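**Student:**
Numbering (my numbering), first residue to last: 7 to 470.
1. From the DSSP output, which residues share a beta bridge with residue 89?
2. Just the C-alpha distance for residue 309 and residue 326, rounded to the nearest angstrom, thanks.
3. If you drop the 5 nearest sequence neighbours on each side, which residues of the same chain put their C-beta closer than 6 Å to that of residue 80?
4. Can you tell which of 442, 415, 397, 289 has the C-alpha that lies nearest to the C-alpha of residue 3?
5. Please report how far the alpha carbon of residue 179 lies from the alpha carbon of residue 439, in whole angstroms.
6. Please return the same chain residues whose Cβ sits closer than 7 Å to the Cβ of residue 129, not counting the five positions on each side in sequence.
7. For residue 369 and residue 232, which I take to be in contact (beta-carbon distance under 8 Å), what is that distance rounded to the nearest angstrom?
8. Could you tell me the alpha carbon to alpha carbon distance between residue 208 and residue 319, rounded to whole angstroms?
9. My assumption, with CB atoms under 8 Å, is that residue 430 sits in contact with residue 441. Please give the rounded CB distance.
10. Please state whether DSSP places residue 298 in a helix, a strand or coil.
11. Rounded to a whole number of angstroms, what is the C-alpha to C-alpha distance between residue 151 and residue 34?
12. If you compare alpha carbons, which of 402, 403, 412, 374 is closest to residue 391?
13. Roughly how many whole angstroms lie between the Cα atoms of residue 341 and residue 41?
14. Classify residue 303 as buried or exposed, calling it buried when 16 or more other Cβ atoms lie within 10 Å of its own Cβ.
15. Bridge partners of residue 235, per DSSP?
16. In angstroms with no decimal places, state the Cα-to-Cα distance between residue 174 and residue 106.
17. So, for residue 255: in the same chain, excluding its five sequence neighbours on each side, which residues have a beta-carbon less than 8 Å away from its beta-carbon?
18. Which two residues bound the contiguous alpha helix (DSSP H) that contains residue 376?
19. What is the rounded straight-line gap between the Cα of residue 339 and the Cα of residue 374?
20. Counting only runs of 4+ residues fully inside the stretch 24-74, write out the alpha helix (DSSP H) ranges in chain order.
21. Let's see if you can read the secondary structure: which residues bound the alpha helix (DSSP H) around residue 158?
22. Return the chain-ordered list of same chain residues with a C-beta closer than 8 Å to the C-beta of residue 156, the five sequence neighbours on each side being excluded.
23. Is there contact here, the stretch 107-126 with the stretch 191-211, by at least three beta-carbon pairs under 8 Å?
24. Is residue 145 helix, strand or coil by DSSP?
25. By the three-class DSSP mapping on this structure, what secondary structure does residue 338 have?
26. My parser needs the alpha helix (DSSP H) runs of 4 or more residues fully inside the stretch 388-418; what are they?
27. According to the neighbour-count rule (16 or more other Cβ atoms, all chains shown, within 10 Å of its Cβ), is residue 199 buried or exposed?
28. Excluding the five sequence neighbours on either side, which residues of its own chain have a C-beta within less than 7 Å of the C-beta of residue 11, listed in chain order?
29. Applying the criterion that 16 or more other CB atoms from any shown protein chain within 10 Å of the CB defines a buried residue, is residue 337 buried or exposed?
30. Kindly confirm or deny that the stretch 209-228 and the stretch 458-469 touch, where touching means at least three C-beta pairs closer than 8 Å.
31. Can you find the residues in the same chain that come closer than 7 Å, C-beta to C-beta, to residue 102, ignoring five residues on each side of it along the sequence?
32. For residue 134, which residues of its own chain have a beta-carbon under 8 Å away from its beta-carbon, when the five flanking residues on both sides are left out?
33. Provide the residue span of the beta strand (DSSP E) that contains residue 467, from first to last.
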């Protein structure tokens, strides 16, 4: 095995989980059946669960995720075919191929699995200015539930970026790869902030990470003993790129940034993230929350009101503030979105502080912060859904000290902090209350309810 900054070593020298070894064998067999040759190498990129810090990475604030054991694997051969050929273990995901001499086109209006893969390919091509990519044959296998808030799409982008780098004999640091993959996933239309790609590359087994931006860096966060983190899927899928919910929130935060800057005499055109306003004013998060109360009214702002307050034309608002799939929006909740962001940023730092100081009641304190986060996501950011709210409520009643939605929301997963001694009774109670009564959920339960430990980051494996 070789991590992206290490030396080449064969697969057998890296201690792999038995389940991963089995999947690699199945992947090799599928590859040989598909292409009539053995793969040259394999890449792996994990999904993630965000413990706290939702919807604030694209505002410039730190987040606190950990990688999970579920991941994306890819088997790859390099050839002179002049084609990139893609196949997936899962038959519901169709094959795709594209010429290495063509400009890689990504359809934002039809976010198929292979377009996420091609985001990673295109990112590496543009980084190095490669006029003609090496021919590749690839087979992909994923164990991350799709559209669940566990970053399956970003893991696929990262996996593709890593294998494209290797196939074209290039080299980059993990940090550089994370930054490139965060940028190139925007080709699919999602204006993410970089958390998902960063933890996929920078994760280390056994520890969560505080991910900070500008510059990108990751700090170990030791989670308290005596508790486990349980992931539960509400079984409602949500694809960020297939709707405008996510990008609307990004835009609302961008507008709030410019409005706060204008109110305090800063140049609105020079700032685009809420964290930048705080930095420019040298203010605390508490002071920013007080400013939100002072500046914004709770009622939604209209386009006309925003344009008048910022002294800009409607045309400039459309071209410089809105994104492609938010042009139709007419009302924007600036008070609620900015209050969530500054409050959530403070909760992230409090979470890390508790983990670092290890007080006797650490588990209770962290649980309280997770519960506050869910309420803020539900009421201020409005990124929850009835299924998630029901699931979180069941998790708390079943013994979790803290439970919250994780990921973009509007569906997907909750993460719950559960005392270790209550883990088995918790799993049974959630299973009985949420999954068993519904036949569709019951059929998905095995891959929808599980304990997660912090996993390692993206890696490359070579055949023995």
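For every residue, glycine included, the Cβ atom is placed at its ideal position computed from N, Cα and C.
What you are looking at is a predicted structure, and each value in this text was computed from that prediction instead of being measured.
**Tutor:** Checking against the coordinates, here is how it stands:
1. For the purposes of this step, residue 89 is taken as the residue at position 83 of the chain shown. Note: residue 89 sits in a beta bridge opposite 105.
2. Counted from its first residue, the chain shown places residue 309 at position 303. Counted from its first residue, the chain shown places residue 326 at position 320. Those two C-alpha atoms are separated by around 13 Å.
3. Indexing the chain shown from 1 puts residue 80 at position 74. So the list reads 49, 144, 146, 165, 169, once near-sequence residues are dropped.
4. The requested residue 3 does not occur in the structure, where the chain is confined to residues 7 to 470.
5. As a working mapping, residue 179 is identified with position 173 in the chain shown. As a working mapping, residue 439 is identified with position 433 in the chain shown. Near 46 Å, if we compare the C-alpha coordinates of residue 439 and residue 179.
6. Start at 1 with the first residue of the chain shown, and residue 129 comes out as number 123. Once the five neighbours on either side are set aside, the close Cβ partners of residue 129 are 167, 186, 187, 189, 190.
7. Along the chain shown, one-based indexing puts residue 369 at 363. Along the chain shown, one-based indexing puts residue 232 at 226. Indeed, because the Cβ distance is near 6 Å, the residues count as touching under 8 Å.
8. Here residue 208 refers to the residue found at position 202 when the chain shown is read from its first residue. Here residue 319 refers to the residue found at position 313 when the chain shown is read from its first residue. So the two alpha carbons sit approximately 43 Å from each other.
9. Translated into the one-based positions of the chain shown, residue 430 becomes position 424. Translated into the one-based positions of the chain shown, residue 441 becomes position 435. The pair is not a contact, with the Cβ atoms about 16 Å apart (cut-off 8 Å).
10. On the chain shown, residue 298 is found 292 positions in, with the first residue counted as 1. Three-state result, residue 298: helix.
11. The sequence position of residue 151 within the chain shown is 145, counting from 1. The sequence position of residue 34 within the chain shown is 28, counting from 1. Their backbone Cα atoms lie some 22 Å apart in a straight line.
12. Along the chain shown, one-based indexing puts residue 391 at 385. Per the Cα distances, 412.
13. Start at 1 with the first residue of the chain shown, and residue 341 comes out as number 335. Start at 1 with the first residue of the chain shown, and residue 41 comes out as number 35. If I take the Cα positions, the gap works out to 55 Å.
14. On the chain shown, residue 303 is found 297 positions in, with the first residue counted as 1. Exposed, by the Cβ-count rule.
15. Position 229 of the chain shown, counted from the first residue, corresponds to residue 235. Bridge partners of residue 235: 423, 458.
16. Counted from its first residue, the chain shown places residue 174 at position 168. Counted from its first residue, the chain shown places residue 106 at position 100. Between residue 174 and residue 106, the C-alpha separation is close to 12 Å.
17. Counting from one through the chain shown, the residue named residue 255 turns up at place 249. Hits under 8 Å: 61, 343, 387, 389.
18. Residue numbering aside, residue 376 sits at position 370 when the chain shown is read from its first letter. That run of the alpha helix (DSSP H) goes 368-385.
19. Here residue 339 refers to the residue found at position 333 when the chain shown is read from its first residue. Here residue 374 refers to the residue found at position 368 when the chain shown is read from its first residue. Roughly 26 Å between the two C-alpha positions.
20. 24-41
21. Position 152 of the chain shown holds residue 158. Residue 158 -> alpha helix (DSSP H) spans 158-173.
22. If you number the chain shown from 1, residue 156 lands on position 150. If we look at residue 156 and ignore the five residues flanking it on each side, its Cβ neighbours are 53, 54, 55, 74, 76, 150, 237, 412, 413, 418, 419.
23. yes
24. As a working note, residue 145 is residue 139 in the chain shown. Strand.
25. Taking the first residue of the chain shown as 1, we reach residue 338 at position 332. Strand.
26. 392-403
27. Start at 1 with the first residue of the chain shown, and residue 199 comes out as number 193. Buried: at least 16 other Cβ atoms inside 10 Å.
28. Start at 1 with the first residue of the chain shown, and residue 11 comes out as number 5. Residue confidence is low: residue 11 scores 42 on pLDDT, short of 50, so the model does not pin down where it sits. Its coordinate-derived value is still stated next. 179, 180.
29. Taking the first residue of the chain shown as position 1, residue 337 is located at position 331. Label assigned to residue 337: exposed.
30. yes
31. Residue 102 sits at position 96 when you count from the first residue of the chain shown. Result list for residue 102: 92, 120, in chain order.
32. Residue mapping note: residue 134 aligns to position 128 of the chain shown, counting from 1. Answer for residue 134: 174, 176, listed in chain order.
33. Indexing the chain shown from 1 puts residue 467 at position 461. It spans 465-468 - the beta strand (DSSP E) in which residue 467 sits, taken as one unbroken run.
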